[in-house]
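K.L.:
Under the working numbering, the first residue of the sequence shown carries the number 2, and numbering increases by one thereafter.
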Amino acid sequence: MLMRGVTLLGSTGSIGTSTLAVIERQPERFRVVALTAHSKAEVLIAQCLRHRPEFAVLSKAADAQRVQDALRRAGSDCTVLHGEQGLEQVATLPQADTVVAAIVGAAGLKSTLASVRAGKRVLLANKEALVMAGGVFMSAVREHGATLLPIDSEHNAILQALPSDFVGDLDAVGVRRIVLTASGGPFRLMRADQLERVTADEACAHPNWVMGRKISVDSATMMNKGLEVIEAHWLFGAPRDRIAVVIHPQSIIHSMVEYRDGSTLAQLGQPDMRTPIAYALAYPERIESGVQPLDLTRVGRLDFSPPDLERFMCLRLAYEALDQGGTASAVLNAANEVAVSGFLAGELRFPRIGELIEDVMAEVPMAPADSIEAVLSADRMARQCAQDWIDRRRVGGDAIVAARVSGSA
Ligand code: NAD
Ligand code: MG
Numbered sequence: 002m003l004m005r006g007v008t009l010l011g012s013t014g015s016i017g018t019s020t021l022a023v024i025e026r027q028p029e030r031f032r033v034v035a036l037t038a039h040s041k042a043e044v045l046i047a048q049c050l051r052h053r054p055e056f057a058v059l060s061k062a063a064d065a066q067r068v069q070d071a072l073r074r075a076g077s078d079c080t081v082l083h084g085e086q087g088l089e090q091v092a093t094l095p096q097a098d099t100v101v102a103a104i105v106g107a108a109g110l111k112s113t114l115a116s117v118r119a120g121k122r123v124l125l126a127n128k129e130a131l132v133m134a135g136g137v138f139m140s141a142v143r144e145h146g147a148t149l150l151p152i153d154s155e156h157n158a159i160l161q162a163l164p165s166d167f168v169g170d171l172d173a174v175g176v177r178r179i180v181l182t183a184s185g186g187p188f189r190l191m192r193a194d195q196l197e198r199v200t201a202d203e204a205c206a207h208p209n210w211v212m213g214r215k216i217s218v219d220s221a222t223m224m225n226k227g228l229e230v231i232e233a234h235w236l237f238g239a240p241r242d243r244i245a246v247v248i249h250p251q252s253i254i255h256s257m258v259e260y261r262d263g264s265t266l267a268q269l270g271q272p273d274m275r276t277p278i279a280y281a282l283a284y285p286e287r288i289e290s291g292v293q294p295l296d297l298t299r300v301g302r303l304d305f306s307p308p309d310l311e312r313f314m315c316l317r318l319a320y321e322a323l324d325q326g327g328t329a330s331a332v333l334n335a336a337n338e339v340a341v342s343g344f345l346a347g348e349l350r351f352p353r354i355g356e357l358i359e360d361v362m363a364e365v366p367m368a369p370a371d372s373i374e375a376v377l378s379a380d381r382m383a384r385q386c387a388q389d390w391i392d393r394r395r396v397g398g399d400a401i402v403a404a405r406v407s408g409s410a
């Protein structure tokens with residue numbers, strides 16, 4: 002059996018720890034080569050002692066030094082690197098043929114792209130990277146012979162429901178549409194005025210999935226589904242009008258492929274990321290993931306309804322970004338990242354997230370997204386513009402927030 006060397010970018014997060022849980026069950030198949038974290042030094046140390054990678058990476062030099070000292074004292078010969086350079090180094094190591102890209106947000110862009118350019122088997126959780134720079138990514142995949150396997154449950158489901166000879170042309174395999182399912186998040190049934198009062202903790206309490214805080218807020222605004230529409234566009238070569246979204250609150254069907262002859266193929270399973278992670282890790286083989294089998298008699302029923310693009314304007318904005326093309330998706334993503342951290346920090350009320358993104362998209366000039374530099378420049382402009390948007394409201398203080406609240410109540 003082929004032993005795969007795995008670099009895990011973002012090992013301390015929700016996807017990172019689920020990936021290690023799957024890998025641990027298959028010691029004869031996978032060897033951990035590198036683990037990385039932003040700042041959670043203690044968690045990273047524990048992971049390194051357990052999984053014994055050759056390399057570890059942290060964002061800051063001082064943290065890296067501290068972890069290096071602690072690991073030496075514990076008898077480990079792991080080399081600890083730091084910063085973007087450290088990430089890019091471990092993303093391109095010859096002894097790791099597989100890179101799991103599980104950093105959250107734009108912070109994962111360069112290292113994920115580096116792994117693609119090194120021709121790796123790239124297991125993609127970091128959807129923001131593809132949303133920002135899909136065109137650059139997909140041409141790098143072709144140019145460098147990389148393999149891009151989605152971990153995102155919807156795209157993983159679609160990969161499973163497509164024929165194995167699919168190479169990017171939906172028409173050639175008789176596909177009419179891709180149907181992404183969405184749980185609708187924790188606020189699916191809330192009225193617009195109730196959304197003014199929701200807290201960060203309520204937004205992060207997802208009914209079906211346990212995830213990092215940023216993607217949890219994205220699920221609550223449905224921006225997550227918007228990002229996934231753009232992700233599906235790039236991964237499967239699907240134009241916007243062939244990517245549908247349907248609300249399915251139970252999160253049992255993870256997505257579907259609709260064929261020309263009237264057949265619809267769906268992938269079903271427990272809402273547990275270890276299933277798509279295991280599928281991507283062992284692709285095209287099937288391995289044990291630790292996930293309980295699905296018992297439909299206990300699920301009882303599956304419900305479906307169309308999404309409400311008015312209450313969930315973020316999903317509408319993502320479709321608009323896809324229509325605009327160029328750097329519009331990078332602007333959408335950057336504005337969303339700033340808005341979500343503002344919301345998590347208590348600086349913005351929940352409905353302001355979509356309003357901010359809409360204003361930033363109208364303000365930042367769009368350009369062709371033909372290079373990473375163009376994408377990063379759009380990302381910087383959009384972040385600045387989004388921060389100014391928040392600051393303008395802070396100058397007016399609570400009065401402005403209060404006026405908006407009473408105005409919309
Ligand atoms: P998380 O917040 O739990 O973990 C993020 C990881 O990235 C951590 O290891 C953190 O140390 C690292 N990180 C954060 N900022 C960094 C920075 N500036 N530099 C370097 N490293 C940094 O997030 P998550 O829920 O695991 O999500 C990770 C990615 O996977 C996201 O892109 C998300 O959209 C995607 N995803 C997650 C799920 C899920 O169930 N959690 C499902 C589908 C897709
Ligand atoms: Mg998803």
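Don't be surprised by glycine CBs; every beta carbon is placed ideally from N, CA and C.
Does lysine 121 pass the burial test, meaning 16 or more other C-beta atoms within 10 Å, or should it be called exposed?
P.N.:
It is buried - the Cβ of lysine 121 has at least 16 other Cβ atoms within 10 Å.
K.L.:
Taking 6 Å as the cut-off, is the beta-carbon of aspartate 153 closer than that to any non-hydrogen atom of the ligand NAD?
P.N.:
At least one heavy atom of the ligand NAD is nearer than 6 Å to the Cβ of aspartate 153, so yes.
K.L.:
Assuming valine 230 and valine 246 form a contact by the criterion Cβ under 8 Å, report the distance between their Cβ atoms to the nearest whole angstrom.
P.N.:
With a Cβ gap of about 7 Å, valine 230 and valine 246 count as contacting.
K.L.:
Within 10 angstroms of its Cβ, does aspartate 170 collect 16 or more other Cβ (buried), or is it exposed?
P.N.:
The residue is exposed, with fewer than 16 neighbouring Cβ atoms inside 10 Å.
K.L.:
So alanine 340 and leucine 357 are in contact, right, with Cβ under 8 Å, and what is the actual spacing, rounded?
P.N.:
With 8 Å as the limit, alanine 340 and leucine 357 qualify as a contact, their Cβ atoms being about 5 Å apart.
K.L.:
Just curious, the alpha helix (DSSP H) that leucine 333 is in, first and last residue?
P.N.:
From DSSP, the alpha helix (DSSP H) with leucine 333 extends over 329-345.
K.L.:
Report the three-state DSSP secondary structure of glutamate 289 (helix, strand or coil).
P.N.:
Reduced to three states, the DSSP call for glutamate 289 is coil.
K.L.:
Would you give the residue range spanned by the alpha helix (DSSP H) that proline 277 belongs to?
P.N.:
Note, proline 277: alpha helix (DSSP H), 275-283.
K.L.:
For the beta strand (DSSP E) containing glutamate 259, list its first residue and its last residue.
P.N.:
Element bounds for glutamate 259: 254-260.
K.L.:
CB histidine 145 to CB arginine 189, shorter than 7 Å?
P.N.:
For histidine 145 and arginine 189, no; Cβs fall outside 7 Å.
K.L.:
Within the present structure, is the beta-carbon of methionine 191 separated from the nearest heavy atom of the ligand NAD by less than 6 Å?
P.N.:
No, the ligand NAD has no heavy atom inside 6 Å of this Cβ.
K.L.:
For valine 1, which of Val211, Gly186 and Asn209 has the nearest alpha-carbon?
P.N.:
No statement about residue 1 is possible, as the shown extent of the chain runs from 2 to 410 and does not include it.
K.L.:
Once you ignore the five residues that flank alanine 281 on each side, which residues in its own chain have a CB closer than 6 Å to its CB?
P.N.:
These residues qualify, in order along the chain: Leu124, Leu150 and Ile152.
K.L.:
Suppose contacts are defined by Cβ-Cβ distances below 7 Å. Is valine 477 in contact with lysine 215 by that definition?
P.N.:
Any question about residue 477 goes unanswered here, given that the chain covers just 2 to 410.
K.L.:
If you measure between the beta carbons of glutamine 293 and glutamine 271, is that distance less than 7 Å?
P.N.:
It is a contact, given that the beta carbons lie within the stated cut-off.
K.L.:
Using a 10 Å radius around the Cβ and a threshold of 16 neighbouring Cβ atoms, would you call threonine 276 buried or exposed?
P.N.:
Buried.
K.L.:
For arginine 317, which residues of its own chain have a beta-carbon under 7 Å away from its beta-carbon, when the five flanking residues on both sides are left out?
P.N.:
These residues qualify, in order along the chain: Leu310.
K.L.:
Among the residues of its own chain, which have a CB less than 8 Å from the CB of leucine 303, if the five just before and after it don't count?
P.N.:
These residues qualify, in order along the chain: His249, Gln251, Ile253 and Ile254.
K.L.:
What residue range is occupied by the uninterrupted alpha helix (DSSP H) comprising leucine 318?
P.N.:
314-325 is the extent of the alpha helix (DSSP H) around leucine 318.
K.L.:
Leucine 295 and leucine 266 look like a contact to me (Cβ under 8 Å); what is the Cβ gap, rounded to whole Å?
P.N.:
16 Å between Cβ atoms; not a contact.
K.L.:
Is the separation between the beta-carbon of leucine 131 and that of tryptophan 235 shorter than 7 Å?
P.N.:
Yes.
K.L.:
Are the beta-carbon atoms of glutamate 13 and valine 34 separated by less than 7 Å?
P.N.:
Glutamate is not the amino acid found at residue 13; the sequence shown has threonine there. No. Outside cutoff.
K.L.:
Could you check how far apart the C-beta atoms of alanine 379 and alanine 331 are, in whole angstroms? I think they sit under 8 Å.
P.N.:
So it is a contact: roughly 4 Å between Cβ atoms.
K.L.:
How many whole angstroms separate the CB atoms of alanine 322 and valine 361, which I take to be in contact at a CB cut-off of 8 Å?
P.N.:
Not a contact, Cβ separation roughly 11 Å.
K.L.:
Per DSSP, isoleucine 416 is paired with what?
P.N.:
Residue 416 lies beyond the stretch modelled for the chain, which goes from 2 to 410, so this question has no answer here.
K.L.:
Cβ atoms of isoleucine 16 and alanine 193: under 7 Å apart, would you say?
P.N.:
No; because the gap between Cβ atoms is not below 7 Å, this pair is not in contact.
K.L.:
So, are the CB atoms of histidine 83 and alanine 65 less than 7 Å apart?
P.N.:
It is a contact, given that the beta carbons lie within the stated cut-off.
K.L.:
Quick check on the burial criterion: 16 or more other C-beta atoms within 10 angstroms. Buried or exposed for valine 142?
P.N.:
Buried, since its Cβ has 16 or more Cβ neighbours within 10 Å.
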